[in-house]
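Step one of this worksheet: look at the structure below.
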Ligand SMILES: Nc1nc2c(ncn2[C@@H]2O[C@H](COP(=O)(O)OP(=O)(O)OP(=O)(O)O)[C@@H](O)[C@H]2O)c(=O)[nH]1
Ligand SMILES: [Mg+2]
C-alpha cells in the first residue's frame, strides 16, 4: 500500500513517497534513496543519531546521512533514537527517511543504546542530530574500516576544524582539553578529542565494548572500552559546525558525570594511590616520632599519624573492592589487583594480618594498663605505644571485617553460555529417570555450561 506524506521538516512542500509493506517496508523518495535494503536484506551501514527536540536539524541530518551512505555505494539505514522529543522531531525524521526508535529513559547513552540495539548494519556510524557533524563525510570515516581493517574510527574536531561559533571558548580551551587530558593520563591513551560525537565502529567492536553508561559519560566509556578491548583505533580529522537549535548539554553536571566515570574506572588513582600515600605518611611519621618527647601538640601529632595509617588502610581496602567493579566495567582486562581479590587471596591475607594486628594491639593495651604505661602527661615512647596499640587493635578488627567483605567477591557470577546472561546460580530442573518412580534433579545444561 502506498501513502503520501508532506516533507514538512525541510522547509518545502516536497512530497516524500513512502511505500509500506508490513515487515518488508522500504522507503523510496527524495530523501530516502533507492539503495535502502528491505527488512530481510543485510544492511552494511547503520547511521544512528540520538535526538531530543531537534526539529530544526534532525531532517537535515537524516538527509545528509542518506547522502553519505549513498556516496559509499553500500546499503544502509538511518535510525533516529528519540529521547521523548516533544516537538516535531519524530515526524520530521521519519519523513526524511529515518527509522525511529523510541527511548523514554532520558540520557545521551540511553538514547544511543536503544538505537544500537536496533541497528542491523555491520558498520555503525554515530553522530548528533543537531547538524554539528556533517554526515555526508561518512565515506571518509568508514574508509579506514573498509580499506584498512580498523575496528573503530574516531572523528577528531581538534585535529580537523572547528568553525566559528561551533564550540564555546570554555569548552574549546578548558572543558574539552582538561577532560581529554584526564582521560589520556588515567588510561595512558593519546586521544586528541575525547568528546567528539562523530564516530564509526564495526558491529563486532560494539559487541566487544559492551557499553552501559546512560548519560553523556557514554562518550568517554566508548573511548576507554575501545582501548580496553584492544580495538584497532584510528582518528580522522572532521569539521565541527555550529549546531542548529538549543544545546542539550549541561556543562557542569555532564562534565562531572565524565569525571566521576573516569575516576571510578580508574581505582588506581582514585583509591590505591591516595591509600598508599596516607599509609606511607602515617607509618614513616610514626616511626620518626616514636622516641620523640614533647607536650600536647606531639601527642596530637602521634594520634593524627595513626589516623593516617587507619584511613590509608581502609582506602586501600576500598581500592581492592573498586578494582573489581572497574574490572567488570572495563571488560575485565585492566586490573591485576582484581585477580588477587577474586581468587580469595586478598581476603586470606587480610584475615591473617587483621588477626595479628588485633592480637598485638590488644596485648599491648593489656600490657600497658598492667604496667601503668609510664608517664603519659608528656608525649614520649609511652604515648607512642598507646597510640600504636589502639591503632593496631582498631586496624586488626576492621581488617578482619574487611576481609570477610572481600571474600564475597570470590563467589563468581556465572554466565549462561547460550543466552549470554549472567546467572547467580545453576538452575536445577527435575528430570524423569528411566525408572518411572524416581525424579532425578539434573543441572540445566544451558546454565551448567558456564565459564
Ligand atoms: N545532552 C543530551 N543529549 C541528548 C539526550 N537525549 C538525546 N540527546 C541528543 O544527543 C545529542 C548530543 O546532545 P548535544 O546537546 O548536541 O550535546 P553536545 O554535542 O555535547 O553539545 P553541543 O556542542 O551544544 O551540541 C543531540 O543530538 C541530542 O538531541 C539527553 O538526554 N541529553
Ligand atoms: Mg551536539
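Residue numbers (our numbering): 9 to 459.
From the three backbone atoms N, C-alpha and C, an ideal C-beta is built for every residue, glycine too.
Report task. Spell out the partners DSSP gives residue 59 in its beta bridges. Result -> Taking the first residue of the chain shown as 1, we reach residue 59 at position 51. 90.
Query raised in the report: Should residue 59 be counted as a contact of ligand 1 given a C-beta to heavy atom distance under 7 Å?
Result: To locate residue 59, count along the chain shown from 1; it is residue 51. Yes, ligand 1 has a heavy atom inside 7 Å of this Cβ.
**Report entry** Cβ-based burial, residue 238 [other Cβ within 10 Å; buried from 16]
**Finding:** For the purposes of this step, residue 238 is taken as residue 230 along the chain shown, with counting starting at 1. Answer is exposed; the Cβ neighbour count stays below 16.
Query - CB contact flag (residue 1, residue 287, <8 Å) - result: Nothing about residue 1 can be read from this structure; the chain reaches only from 9 to 459.
Requested in this report: Just confirm the distance between the C-beta atoms of residue 145 and residue 76, as a whole number of angstroms; I'd bet it's less than 8 Å.
Outcome: Reading the chain shown from its first residue, position 137 is the one you call residue 145. Reading the chain shown from its first residue, position 68 is the one you call residue 76. Correct: roughly 7 Å between the Cβ atoms.
Query raised in the report: Ends of the alpha helix (DSSP H) at residue 374?
Result: By 1-based counting over the chain shown, the position of residue 374 is 366. Segment 353-378, the alpha helix (DSSP H) holding residue 374.
Report task. Confirm the yes/no value for this check: CB of residue 335, any heavy atom of ligand 2, distance under 7 Å. Result -> Taking the chain shown and counting its residues from 1, one reaches residue 335 at position 327. Checking the Cβ of residue 335 against ligand 2 gives no.
Report task. Under 8 Å Cβ to Cβ from residue 249, same chain only, skipping five residues before and after it: list those, please. Result -> To locate residue 249, count along the chain shown from 1; it is residue 241. Excluding positions up to five away in sequence, the list reads 139, 140, 141, 142, 171, 174.
Query raised in the report: Of all the options 187, 106, 290, 125, which has the alpha carbon lying nearest to the alpha carbon of residue 395?
Result: In the chain shown, counting from the first residue as 1, residue 395 sits at position 387. Residue 395 has its Cα closest to that of 290, out of 187, 106, 290, 125.
**Report entry** Status (buried if at least 16 other CB within 10 Å, exposed otherwise) for residue 409
**Finding:** Along the chain shown, read from residue 1 onward, the residue named residue 409 stands at position 401. By the neighbour-count rule (16 or more Cβ atoms within 10 Å), residue 409 is not buried but exposed.
Requested in this report: Could you have a look at residue 175 and say whether DSSP puts it in helix, strand or coil?
Outcome: Residue numbering aside, residue 175 sits at position 167 when the chain shown is read from its first letter. If DSSP states are grouped into helix, strand and coil, residue 175 belongs with coil.
Query - Burial state of residue 198 (16 or more Cβ within 10 Å) - result: Translated into positions along the chain shown, residue 198 becomes position 190. Classification of residue 198: exposed, given that the 10 Å Cβ count is below 16.
Report task. Please list, in chain order, all residues of the same chain as residue 165 whose beta carbon is under 7 Å from its beta carbon, the five residues on each side excluded. Result -> The residue labelled residue 165 in the question sits at position 157 within the chain shown. Excluding positions up to five away in sequence, the list reads 201, 204, 246, 248.
Report task. Compute the minimum distance between the beta carbon of residue 217 and the heavy atoms of ligand 1, and state whether it is under 7 Å. Result -> Counting from one through the chain shown, the residue named residue 217 turns up at place 209. No; taking the cut-off as 7 Å, the Cβ of residue 217 has no heavy atom of ligand 1 nearer than that.
Report task. With distances taken Cα to Cα, identify the nearest neighbour of residue 330 among 373, 295, 364, 273. Result -> To locate residue 330, count along the chain shown from 1; it is residue 322. It is 273 whose Cα lies nearest to the Cα of residue 330.
Query - DSSP state of residue 82 mapped onto helix, strand, coil - result: Working through the chain shown from its first residue, we reach residue 82 at position 74. In this structure, residue 82 counts as coil in the three-state DSSP scheme.
Report task. Pick out the complete beta strand (DSSP E) segments inside the stretch 178-242, 3 residues or longer, and give them in chain order. Result -> 207-210
Query raised in the report: Going by Cα to Cα distance, which pick from 407, 255, 236, 222 is closest to residue 123?
Result: Here the question's residue 123 lines up with position 115 in the chain shown. Here the closest residue by C-alpha is 222.
Query - Burial state of residue 299, where buried means 16 or more other Cβ atoms lie within 10 Å - result: As a working note, residue 299 is residue 291 in the chain shown. Flag for residue 299 reads exposed.
Query raised in the report: Looking at the unbroken beta strand (DSSP E) that takes in residue 132, where does it start and where does it end?
Result: As a position in the chain shown, residue 132 is number 124, starting the count at 1. 131-134 is the span of the beta strand (DSSP E), which, as asked, contains residue 132.
Requested in this report: Would you kindly report the start and end of the unbroken beta strand (DSSP E) that includes residue 162?
Outcome: The residue you call residue 162 lines up with position 154 of the chain shown. Residues 160-170.
Query raised in the report: Can you tell me whether residue 207 is buried or exposed, with buried defined as 16 or more other CB within 10 angstroms of its CB?
Result: In the chain shown, the residue the question calls residue 207 occupies position 199. Flag for residue 207 reads buried.
Query raised in the report: For residue 310, does the count of other Cβ atoms within 10 angstroms reach 16, so buried, or fall short, so exposed?
Result: For this step, residue 310 is matched to residue 302 along the chain shown. Residue 310 is buried by the Cβ-count criterion.
Query raised in the report: Looking only at DSSP bridge pairs, what is residue 109 linked to?
Result: Indexing the chain shown from 1 puts residue 109 at position 101. Residue 109 is bridged to 89.
Query raised in the report: Going along the chain, which residues of its own chain have a beta-carbon closer than 7 Å to the beta-carbon of residue 97, five neighbours each way excluded?
Result: By 1-based counting over the chain shown, the position of residue 97 is 89. For residue 97, where only same-chain residues beyond five positions count, the Cβ hits under 7 Å are 59, 61, 62, 63, 66, 90.
Query raised in the report: If you pair each beta-carbon of the stretch 106-116 with each one of the stretch 208-216, do three or more pairs fall below 8 Å?
Result: no
Query - Backbone CA spacing between residue 151 and residue 50 [nearest angstrom] - result: Within the chain shown, numbered from 1, the residue matching residue 151 stands at position 143. Within the chain shown, numbered from 1, the residue matching residue 50 stands at position 42. Cα to Cα, the separation comes out at about 19 Å.
Requested in this report: For residue 355, count neighbouring C-beta atoms within 10 Å of its own C-beta (all shown protein chains included) and say buried if the count is 16 or more, exposed if not.
Outcome: Looking up residue 355 in the chain shown gives position 347. The residue is buried, with at least 16 neighbouring Cβ atoms inside 10 Å.
Query raised in the report: Going by C-alpha distance, which of 82, 111, 399, 275 is nearest residue 371?
Result: Here residue 371 refers to the residue found at position 363 when the chain shown is read from its first residue. Checked all of 82, 111, 399, 275; the closest Cα to residue 371 is 399.
Report task. State the DSSP-derived secondary structure class of residue 244, mapped to helix, strand or coil. Result -> The residue given as residue 244 occupies position 236 in the chain shown. Reduced to three states, the DSSP call for residue 244 is strand.
Query raised in the report: residue 128: buried (16+ other C-beta within 10 angstroms of its C-beta) or exposed?
Result: As a first step, residue 128 must be located in the chain shown, where it is residue number 120. Buried, because 16 or more other Cβ atoms sit within 10 Å of the Cβ of residue 128.
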